[in-house]
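There are 2 protein chains.
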Amino acid sequence: MTSTPPPRRSDATRAEILRAARARFAADGYQRATIRAIAADAGIDPSMVMRYYGNKTQLFAAAVDVHLHLPDAAGIPRDKLGETLVAHFLKRWEGDPTDDALLTLLRSAATDDDAASRLREIFAAQVAPVALAVCPDPAEAALRAGLVATQMLGLAFCRQILRLPPVAAATPDLLVVHVGATVQRYLTGRL
Amino acid sequence: MTSTPPPRRSDATRAEILRAARARFAADGYQRATIRAIAADAGIDPSMVMRYYGNKTQLFAAAVDVHLHLPDAAGIPRDKLGETLVAHFLKRWEGDPTDDALLTLLRSAATDDDAASRLREIFAAQVAPVALAVCPDPAEAALRAGLVATQMLGLAFCRQILRLPPVAAATPDLLVVHVGATVQRYLTGRL
DNA sequence: CACCTATGCCAACACGGGTTGACTAGCGTG
DNA sequence: CACGCTAGTCAACCCGTGTTGGCATAGGTG
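Here the protein sequences line up with chains A and B, keeping their order. With the first sequence counted from 1, adding 37 to any position gets you my numbering. With the second sequence counted from 1, adding 37 to any position gets you my numbering.
Written out as structure tokens, the structure is:
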């Protein structure tokens, strides 16, 4: 929709900075990740980061744009919602954790108010609507979505961030079954 | 058991430092909490903190000693384990969050490896044994304990740290019922 | 070619933070 | 009293970090 600005010669550098920033923010969280380290990873001078992204806060905002890409509820058997959702996230986390902004945000949200605020927004914009579409009673949708969040964020935290042995070592299939059952109950079970 | 060392005149100051440290670490996490701020809260000079606790890492270690005080499984009806456990933690979080080291550790574990490591130890030392005592099959105990951790830490994160509206606003009773059912299934349900 | 803008580096500033060491006041004991 | 130990302050060091401004250089354009 926005008319694309003319391509600049520095586009490659911009992209490289963003790549490095995502990796550092994902690995270290907002505070520990330093502009200098990001610049070094990108192979350029720290001042370039400032020129292209203004300041650290804006760089973080640019680096962390979370799209959950939740599967369309309409195309899923109603009794498979839980398993499908859990499988979706486990698959998402299988590859390079660097490029899952959700994990970056989760890490940073523990100590950074801005990150926490953005995580709440994502919940409201991307999770709550799905719950609303799926839940039997719209009045219950918010609570149900919240319960799902406790389980899914807890899973993300234990498996990907804390690396709690039994959870980190479990096979995806196993988790899909057991955690999926919980999510399913939170979404469609009797409240 | 350890022979108590003779009381020193500085004991009050030591305690005050610890109190301030707990509050700051709880509010800000390990990195954002500064020695200077802790010292100011305690009404003394930063160098005193170093004298009495060595360095920031050791101060953190001293400030954050987590005892979950899990209720004795033997005294609880087998089918009320989940609800009892959830109620136990909700009650724990009701008061001043400053004095729940678990929340402090959870906050810091997201970005600090030492904190994460200690959280894993607490899990192994205090949670896993309970699961072992309660679970039908000892071979499954570790996984079951891990699943419980995903749900309980997720609840702590969403309610106390992220303050996700639907979860933060929910009444304890409601959470005890729904989350309790999940924990119960993880502990004693069919795997 | 001459000019100008975009791109990049370098050096430095300002600030905050952990940490250190010298120095001072209080208190008890021989 | 004199001595020594303890509790505490003060000032400074040293490092890392976000951020800034000036300078060089390269590409494109008249």
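The beta carbon of each residue, even a glycine, is placed where N, CA and C say it ideally should be. If you're wondering where the values come from, they're calculated on a predicted model, not measured in any experiment.
Asked                                                                                                                                                            : Found
If you draw a straight line from the C-alpha of Val214 (chain B) to the C-alpha of Gln221 (chain B), how long is it?                                             : 10 Å
When you compare each of A:Gly119, A:Pro202, A:Arg73, A:Ser154 to Ala186 (chain B) by their alpha carbons, which one comes out closest?                          : A:Pro202
Measuring straight from C-alpha to C-alpha, what distance separates Pro114 (chain A) and Val164 (chain B)?                                                       : 36 Å
I'd like to check one pair, Leu142 (chain B) with Leu122 (chain B): are the Cβ atoms closer than 9 Å?                                                            : no
Name the residue from A:Ile72, A:His106, A:Pro44, A:Arg56 whose alpha carbon lies nearest to the alpha carbon of Ala32 (chain A).                                : Outside the shown range of chain A, which is 38 to 228, sits residue 32 (chain A), and nothing can be said about it.
In chain B, which residues lie with their C-beta within 9 Å of the C-beta of Val213 (chain A)?                                                                   : Within chain B, no residue comes near Val213 (chain A); the closest Cβ sits about 12 Å away, beyond 9 Å.
What does the alpha-carbon distance come out to for the pair Leu190 (chain A) and Leu139 (chain B)?                                                              : 17 Å
Would you kindly check if the distance between the Cβ of Ala207 (chain A) and the Cβ of Ser130 (chain A) is under 9 Å?                                           : One point to set straight first is that residue 130 (chain A) is Trp, not Ser, in the sequence displayed. Against a cut-off of 9 Å, the Cβ pair of Ala207 (chain A) and Trp130 (chain A) comes out as no contact.
What in chain A is Cβ-close to Ile198 (chain B), meaning under 8 Å?                                                                                              : Ala146, Ala147, Ala153
So Phe126 (chain A) is in the alpha helix (DSSP H); what residue range does that whole segment cover?                                                            : 118 to 131
By the DSSP assignment, the alpha helix (DSSP H) with Leu55 (chain B) in it spans what residues?                                                                 : 48 to 69
If contact means a Cβ-Cβ distance below 8 Å, which residues of the segment 178 to 204 of chain B contact chain A?                                                : Ala179, Leu180, Ala182, Gly183, Leu184, Ala186, Thr187, Gln188, Met189, Leu190, Gly191, Leu192, Phe194, Cys195, Arg196, Ile198, Leu199, Arg200, Leu201, Pro202, Pro203, Val204
With distance defined between alpha-carbon atoms, name the residue in B:Leu55, B:Pro134, B:Asp133 nearest to Ala99 (chain B).                                    : B:Leu55
For Gln197 (chain B), does the count of other Cβ atoms within 10 angstroms reach 16, so buried, or fall short, so exposed?                                       : buried
What span of residues does the alpha helix (DSSP H) with Ala23 (chain A) cover, start to end?                                                                    : Past the boundaries of the shown model lies residue 23 (chain A); chain A is included only from 38 to 228, so the question cannot be answered.
Among the candidates A:Leu184, A:Leu199, A:Leu211, A:Leu212, whose CA atom is the shortest distance from the CA of Leu228 (chain A)?                             : A:Leu184
What span of residues does the alpha helix (DSSP H) with Gln188 (chain B) cover, start to end?                                                                   : 178 to 193
Residues of chain B with CB under 7 Å from Ala100 (chain A), in chain order?                                                                                     : Result: empty, since nearest Cβ-Cβ is about 16 Å, beyond 7 Å.
For Thr71 (chain B), count neighbouring Cβ atoms within 10 angstroms of its own Cβ and tell me buried if that reaches 16, exposed if not.                        : exposed
Pick from B:Ala124, B:Asp137, B:Pro108: whose alpha carbon is nearest that of Asp102 (chain B)?                                                                  : B:Asp137
What residue range is occupied by the uninterrupted alpha helix (DSSP H) comprising Asp210 (chain A)?                                                            : 209 to 225
Quick one: which residues of the segment 52 to 72 of chain A get their C-beta closer than 9 Å to a C-beta of chain B? List them in chain order.                  : Asp65, Gly66, Tyr67, Gln68, Arg69
Residues in the same chain with beta-carbon distance under 6 Å from Arg73 (chain A), minus the five sequence neighbours each way, listed in chain order, please. : Pro83
When you compare each of B:Val86, B:Asp65, B:His104, B:Pro44 to Asp149 (chain B) by their alpha carbons, which one comes out closest?                            : B:Asp65
Inspect the beta-carbon positions of Asp151 (chain B) and Tyr67 (chain B) and report whether they are closer than 9 Å.                                           : yes
Going straight from the alpha carbon of Gln95 (chain A) to that of Ala49 (chain B), what length do you get?                                                      : 45 Å
Check the C-beta distance from Leu244 (chain A) over to Pro209 (chain A) and give it rounded, since I have them as a contact under 8 Å.                          : There is simply no residue 244 (chain A) to check, as chain A begins at 38 and stops at 228 in what is shown.
Can you grab the Cα-Cα spacing for the pair Thr135 (chain A) / Ala111 (chain B), in whole Å?                                                                     : 44 Å
Near Arg61 (chain A), which residues of its chain fall below 7 Å by C-beta distance, leaving aside the five closest residues on each side in sequence?           : Ala70, Ala74, Ile75, Asp78
Closest to Asp174 (chain A) by C-alpha separation, out of A:Asp109, A:Ser145, A:Tyr223, would be which residue?                                                  : A:Tyr223
At which residues does the alpha helix (DSSP H) containing Pro114 (chain A) begin and terminate?                                                                 : Note, Pro114 (chain A): premise wrong, no alpha helix (DSSP H); not H, not E.
Just how far apart, CA to CA, sit Ala218 (chain B) and Ser47 (chain A)?                                                                                          : 55 Å
So with Cβ pairs under 9 Å, would you call Arg157 (chain A) a contact of chain B?                                                                                : yes
Could you pull the start and end residues of the alpha helix (DSSP H) that Ile146 (chain A) belongs to?                                                          : Looking at the sequence provided, one finds Ala at residue 146 (chain A) rather than Ile. It spans 138 to 146 - the alpha helix (DSSP H) in which Ala146 (chain A) sits, taken as one unbroken run.
What's the C-alpha gap between Cys195 (chain A) and Arg200 (chain B)?                                                                                            : 19 Å
What separation, rounded to the nearest whole angstrom, lies between the Cα atoms of Ala170 (chain B) and Ala179 (chain B)?                                      : 11 Å
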